[in-house]
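Structure record follows, encoded as structure tokens.
Residue numbers (the working numbering): 376 to 801.
See below:
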């Protein structure tokens, strides 16, 4: 008998899948939720309704494992490797603006011809037809069977309408693919450890670290900043976890939230919008980051948000914090910090906690899970993050035990509460 997080057997899937699908059908009827569709005009209620989230996740895991068992080892590996061609075609279609040409077609038309797409992108018509033919198999476009007229599906429309998420997809299809291709060479070097004891796959491939690369190539740097905002909204659970922590917790003395650091945006922005009784201060060693973050706060809320440039985040503590600050917020900051630097920052904040028993430090960051801690279709997101930090930065994602050990080095008596989420919808 498999444990809850071990993959099911083929026989058990044949038994459980029909009942799972019947349960799903019952929920759709009970909540008046229309079935999902790839039509661009379809509602997304199926994908966002909270009553369906646990069942959708369970069904996804069952179907993925059933597909693996049906395909068998050779076909499964062939499918994994074949995704390279899918990714190459999708990136070309995105970068060349083919989806934008389809999106610009007048409403009610029967699609855009291959020749029109070719003229709009200055790509030979024979190549356009083949590129769109492959992404059609991926559910991004429809049409092109006989008269080769193409229209966007809901998937393609998502890429056109959400510029920030599209930037993340393009970043993954280009920078991340190149970095991934060079990970093996980076690990073949004599020095192949983490940190200064090795190099990232990205540096192995591009000759420089990722942040330096984006600084040198301005267009890609801007795309990367958009990508980080996009992934933050789409799949990063940090803001959801922060919101959950604040829900039902009346803040004591101070009622000020101080966010420390950051690179792509303020973690306090959702809190500013939803909690009018709080005031906020963001402290960073980057004036450019502060100004970029302030630009995302609406005018009526700006009066509750202060920005402060500091030379060193570990010296950002102020004497007035003891009376004024209820929460320090450290959002996705420490993942690429050494233990020593992270401990130094947290130690600098201890005076507030020691003198104000209601004060708290909230740290949101990635965690490398234990084996079988989650079902495989959930665990893979964590494992990808393990490899992401290795490929792009040569940084080790800490396990929960390593995080707890780090906090204990700050103060052995410190109390730690843990919230875990495997997706923004969880």
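Where a beta carbon is used, it is the ideal one built from N, C-alpha and C, also for glycine.
Contacting residues, own chain, Cβ-Cβ under 8 Å from residue 577 (five flanking each side not counted) = 550, 553, 554, 557, 584, 585, 588, 766, 767, 768
Helix, strand or coil at residue 525 according to DSSP, with G and I counted as helix | strand
Integer Cβ distance of residue 751 from residue 436, believed to fall under 8 Å = 7 Å
Name the residue from 697, 778, 676, 738 whose alpha carbon lies nearest to the alpha carbon of residue 647.
-> 676
Of the listed residues 387, 500, 424, nearest to residue 405 (C-alpha basis) | 424
Which one of 785, 547, 469, 501 has the shortest CA to CA distance from residue 489?
-> 501
What is the C-beta distance between residue 429 and residue 532, in whole angstroms, given that I count them as a contact (C-beta under 8 Å)?
-> Not a contact, Cβ separation roughly 27 Å.
Three-state secondary structure (DSSP) of residue 484 = coil
Among the residues of its own chain, which have a CB less than 6 Å from the CB of residue 509, if the five just before and after it don't count?
-> 464
Jot down the residue ranges of each uninterrupted alpha helix (DSSP H) in the segment 707-780, minimum 4 residues, whole runs only, in chain order.
-> 714-730, 751-768
Note down, one range per segment and in chain order, each beta strand (DSSP E) of at least 3 residues found wholly within the segment 642-711.
-> 654-659, 680-684, 700-706
Report the three-state DSSP secondary structure of residue 635 (helix, strand or coil).
-> strand
Residue 460, buried or exposed, once every other Cβ within 10 Å from all chains shown has been counted against 16 | exposed
Between which two residues does the alpha helix (DSSP H) carrying residue 508 extend?
-> 500-512
Reference residue 774; option with closest CA among 693, 744, 762 = 744
Just mark residue 590 as buried or exposed, buried being the case when its beta carbon has 16 or more other beta carbons within 10 Å.
-> exposed
Residue interval of the alpha helix (DSSP H) (run including residue 476) = 473-478
Which of helix, strand or coil does DSSP assign to residue 800?
-> Here the model assigns residue 800 a pLDDT of 32, short of 50, so the residue's position is not dependable, and the following value carries that caveat. Coil.
Residues sharing a beta bridge with residue 517, DSSP = 526
Pick from 705, 681, 623, 504: whose alpha carbon is nearest that of residue 689?
-> 705
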